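Trainee:
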DNA sequence: GCCGTTTTCGGCCCGACTGTTTTCAGTCG
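Residue numbers (the working numbering): 6 to 596.
#1: Quick test of the definition: if touching needs 3 or more C-beta pairs under 8 Å, does the segment 372-389 touch the segment 427-436?
#2: In whole angstroms, what is the alpha-carbon distance linking residue 296 and residue 310?
#3: Let me know the secondary structure DSSP gives residue 47 once reduced to three states.
#4: Under a Cβ-count criterion, where at least 16 other Cβ atoms within 10 Å of its own Cβ denotes burial, should residue 493 be classed as buried or exposed?
#5: Would you say residue 68 and residue 93 are within 9 Å of each other, going by their C-beta atoms?
#6: To the nearest angstrom, report how far apart residue 409 and residue 553 are at their CA atoms.
#7: What residue from 330, 394 and 172 has the CA that sits closest to residue 343's CA?
#8: From the DSSP output, in three-state form, read off residue 390 for me.
#9: Can you tell me whether residue 466 is helix, strand or coil according to DSSP?
#10: For the candidate residues 347, 557, 506 and 450, whose alpha-carbon lies nearest to that of residue 675?
#11: Using only CA atoms, which one of 559, 476, 500 and 499 lies nearest to residue 521?
#12: Is the beta carbon of residue 584 sitting closer than 9 Å to the one on residue 546?
#13: I'd like the list of long-range same chain contacts for residue 157, defined as Cβ closer than 6 Å, with 5 residues on each side in sequence excluded.
#14: Count the C-beta pairs between the segment 286-295 and the segment 258-267 that are closer than 8 Å, then say yes if the count reaches three, no if not.
#15: In terms of residues, what are the limits of the beta strand (DSSP E) holding residue 521?
#16: So who's on the other strand from residue 234, going by DSSP bridges?
#17: Quick check: is any heavy atom of the ligand FMN less than 8 Å from the C-beta of residue 305?
#18: Tell me, please, which residues DSSP counts as bridged to residue 177.
#19: Using CA coordinates, which residue listed in 396, 456 and 562 is at the minimum distance from residue 590?
#20: Where do the ends of the alpha helix (DSSP H) carrying residue 379 lie?
#21: Between which two residues does the alpha helix (DSSP H) harbouring residue 319 extend?
#22: Helix, strand or coil: which one does DSSP assign to residue 373?
#23: Given this structure, state the Cα-to-Cα distance separating residue 150 from residue 206, to the nearest angstrom.
#24: Around the C-beta of residue 333, are 16 or more other C-beta atoms found within 10 angstroms, so that it is buried, or is it exposed?
#25: Can you tell me whether DSSP reads residue 272 as helix, strand or coil?
#26: Let me make sure I understand the geometry here. Which of 512, 470, 526 and 473 has the alpha-carbon closest to that of residue 497?
#27: How about the segment 502-522 and the segment 479-493: do they share at least three Cβ pairs that are nearer than 8 Å?
#28: Taking the C-alpha atoms as reference points, what is the distance between residue 393 and residue 414?
#29: Below 9 Å between beta carbons: does that hold for residue 15 and residue 40?
#30: For residue 184, write down the residues that DSSP places opposite it in a beta bridge.
#31: Taking the alpha carbon of residue 592 as the reference point, which residue from 551, 487 and 570 has its own alpha carbon closest?
#32: Checking 9 Å against the spacing of the C-beta atoms, do residue 405 and residue 395 come in under that value?
#33: In three-state DSSP terms, what is residue 97?
#34: By the DSSP assignment, the alpha helix (DSSP H) with residue 298 in it spans what residues?
#35: Spell out the partners DSSP gives residue 434 in its beta bridges.
#36: Rounded to whole angstroms, how far is the Cβ of residue 200 from the Cβ of residue 167, which I believe are closer than 8 Å?
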């Protein structure tokens, strides 16, 4: 694990300990923020310490700086060790249980000596939680249910699965009589790579009441359990263990509700702070002048009786706050609010900007469709280019091509290209980057190819220096156009190469080698944060599906979502280049 | 714990819901 990740985890744990100890919530919020800053940081924190730039980062104060400096110097933090000795480590995972928070955990610990999940389960089974303050029969059952839910769903689900379920449920909501507008919200709308639960916001026509809509929502096929259903809100659990929440609001409040439930939480907090500065208050019903809002009567589940400054659309609210409208993918409190104020938001890339897929496979290696079938499918998407890039010889398990087979394949691709009009086929190869950074083919073979994607597939546990040197050598190769899935990570199962990204980005920018955002799930590699840092360093990106079948070409939108979260514009991505510009890009390095 | 063009002290975002309570604490998003 990288130093940044270790320190990020340390601060996350520190924040959790403070919650359980019952310290001021603002302290734990502050450390949670530091944890997030470290996780998002693309330079090695050691360099920030050595360069003395830690002070300049907003959110890192004297206490955090001391902990970071100690940890970088000695591999541990005395402050952290002292505090963590006061709370059993086994209590921290209990914060993940839905319905169980720090206050209750503290009571369980101090009054029933529970210090771990196992002990909590044993105590529940033995009925030992009775008689505690604020813990009635229902609360005890909800803790047991929460543990069961956590163990069943195993936490977060992947973006593609969430999109499928989300779209189905959204269509269902839109078909309910009385629904006027409905949209996906939450982290799904922001395009995050993993999703906790699915949020849907809808507005109702004046003639319909919310309870009819929430009831119809819970009656769709595939609902395993109804978690709750009221006039304005319902929650269900699908058979796959995915939670879907619906909120119903009057149409005039739709924009405020959508903004609120799209989040992120951190983005919302910043917006509300900004509202305060302007003598306004922002909530899920709308943006109000504080003076009027305080006088207005309020009833739970109903909009406050004051005229909002803005509430109908998200654009209205941003505008009233003096901001350009911020796209959902940017709402992470990563500088988007300042950019919106300065009118410096990027014009984000869209799926429609994509004119090429530059990394795909056929039956020649481990794909399922022929050259012609892949070409026709890509043409049907309106692409101008398709690169066929089957595996190189080291990928024995994927039926990788020998030099001889590859050269024959190149001929076959060119021949197919002559037959199929309306799309240009590029004959290429996904060449393995060997453990020391050499290519899996000699230059004499590579120079016969229209396009070379060089990817790491094996030895993905190298140390940082070796891994970085390996990728740098590939970037330097004059025949390599794109570094495919640069880290080799797999979401949820493999960390990938611990690259020194600043060196990688500098070299790629200097050489004109594109870095891939692999759109295949669970790769999505580069990730959002690294894609953004790469652009800032002057790199060009390439978004490709790595499709192994014609269906695989459909996942381009996942890569575009990552790119959007990485603040990418069409001009940063070679797949959006004009035919001329792409051709020039492919030839330039070889001069 | 962090921050500062009113501030180096005193704020720090907001409402819904649930359960355990007779007015509020805890949790969630």
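Even glycine gets a Cβ: it sits at the ideal position worked out from N, Cα and C.
Just so it is clear, the structure is predicted and the values come from calculations on it, not from any experiment.
Mentor: By the coordinates alone:
#1: As far as the Cβ criterion goes, the segment 372-389 touches the segment 427-436, which means the pair count is three or higher.
#2: The sequence position of residue 296 within the first chain is 291, counting from 1. The sequence position of residue 310 within the first chain is 305, counting from 1. Straight-line measurement puts the Cα of residue 310 at about 13 Å from the Cα of residue 296.
#3: What you label residue 47 is simply residue 42 of the first chain in a count that begins at 1. The answer is coil: DSSP assigns residue 47 none of H, G, I, E or B.
#4: Indexing the first chain from 1 puts residue 493 at position 488. Classification of residue 493: buried, given that the 10 Å Cβ count is 16 or more.
#5: Within the first chain, residue 68 is the residue found at index 63, counting from 1. Within the first chain, residue 93 is the residue found at index 88, counting from 1. Between residue 68 and residue 93, the gap from beta carbon to beta carbon reaches 9 Å or more.
#6: Taking the first residue of the first chain as 1, we reach residue 409 at position 404. Taking the first residue of the first chain as 1, we reach residue 553 at position 548. Between the alpha carbons of residue 409 and residue 553 lies a gap of roughly 22 Å.
#7: Residue numbering aside, residue 343 sits at position 338 when the first chain is read from its first letter. That would be 330, whose Cα lies nearest to the Cα of residue 343.
#8: Stepping through the first chain from its first residue, residue 390 is reached at position 385. It is a strand residue.
#9: As a working mapping, residue 466 is identified with position 461 in the first chain. Residue 466: coil per DSSP, three-state reduction.
#10: The displayed coordinates of the chain run from 6 to 596. Any statement about residue 675 would go beyond what the structure contains.
#11: Your numbering for residue 521 matches position 516 in the first chain. The residue among 559, 476, 500 and 499 with its C-alpha nearest the C-alpha of residue 521 is 476.
#12: Residue 584 sits at position 579 when you count from the first residue of the first chain. Residue 546 sits at position 541 when you count from the first residue of the first chain. Result no, Cβ atoms of residue 584 and residue 546 do not sit closer than 9 Å.
#13: Mapped onto the first chain, residue 157 falls at position 152. Answer for residue 157: 246, listed in chain order.
#14: Contact check between the segment 286-295 and the segment 258-267: three or more CB pairs, one atom from each, fall below 8 Å, which counts as touching.
#15: Here residue 521 refers to the residue found at position 516 when the first chain is read from its first residue. First-last of the beta strand (DSSP E) with residue 521: 519-523.
#16: The count along the first chain starts at 1 and reaches residue 234 at position 229. Note: residue 234 sits in a beta bridge opposite 239.
#17: No copy of the ligand FMN occurs in the structure displayed, which carries no ligand at all.
#18: On the first chain, position 172 is the one that residue 177 refers to. According to DSSP, residue 177 bridges with nothing at all.
#19: For the purposes of this step, residue 590 is identified with residue 585 of the first chain, where counting begins at 1. For the residues 396, 456 and 562, the minimum Cα distance to residue 590 belongs to 456.
#20: The residue given as residue 379 occupies position 374 in the first chain. Note, residue 379: alpha helix (DSSP H), 376-385.
#21: The residue you call residue 319 lines up with position 314 of the first chain. That run of the alpha helix (DSSP H) goes 319-325.
#22: Position 368 of the first chain, counting from 1, holds the residue named residue 373. Correct three-state label for residue 373: coil.
#23: In the first chain, counting from the first residue as 1, residue 150 sits at position 145. In the first chain, counting from the first residue as 1, residue 206 sits at position 201. Answer to the nearest angstrom: the Cα atoms are 26 Å apart.
#24: Within the first chain, residue 333 is the residue found at index 328, counting from 1. With 16 or more Cβ atoms within 10 Å of its Cβ, residue 333 is classed as buried.
#25: In the first chain, the residue the question calls residue 272 occupies position 267. The answer is helix: DSSP assigns residue 272 an H, G or I state.
#26: Taking the first residue of the first chain as 1, we reach residue 497 at position 492. For the residues 512, 470, 526 and 473, the minimum Cα distance to residue 497 belongs to 526.
#27: The segment 502-522 makes contact with the segment 479-493; the number of CB pairs closer than 8 Å reaches 3 or more.
#28: Position 388 of the first chain, counted from the first residue, corresponds to residue 393. Position 409 of the first chain, counted from the first residue, corresponds to residue 414. If you draw a straight line from the Cα of residue 393 to the Cα of residue 414, it comes to about 10 Å.
#29: In the first chain, counting from the first residue as 1, residue 15 sits at position 10. In the first chain, counting from the first residue as 1, residue 40 sits at position 35. Yes, Cβ-Cβ distance for residue 15 and residue 40 is below 9 Å.
#30: Translated into positions along the first chain, residue 184 becomes position 179. DSSP links residue 184 through a beta bridge to 209.
#31: In the first chain, the residue the question calls residue 592 occupies position 587. The candidate whose alpha carbon is nearest that of residue 592 is 487.
#32: Indexing the first chain from 1 puts residue 405 at position 400. Indexing the first chain from 1 puts residue 395 at position 390. Between residue 405 and residue 395, the C-beta gap is smaller than 9 Å, which places the two residues in contact.
#33: Residue numbering aside, residue 97 sits at position 92 when the first chain is read from its first letter. Note: residue 97 maps to helix in three-state DSSP.
#34: Reading the first chain from its first residue, position 293 is the one you call residue 298. In the DSSP annotation of this structure, the continuous segment of the alpha helix (DSSP H) that includes residue 298 starts and ends at 295-300.
#35: Taking the first residue of the first chain as 1, we reach residue 434 at position 429. The bridge partners DSSP lists for residue 434 are 395 and 457.
#36: Mapped onto the first chain, residue 200 falls at position 195. Mapped onto the first chain, residue 167 falls at position 162. Contact between residue 200 and residue 167 is confirmed by a C-beta separation of about 4 Å, below the 8 Å threshold.
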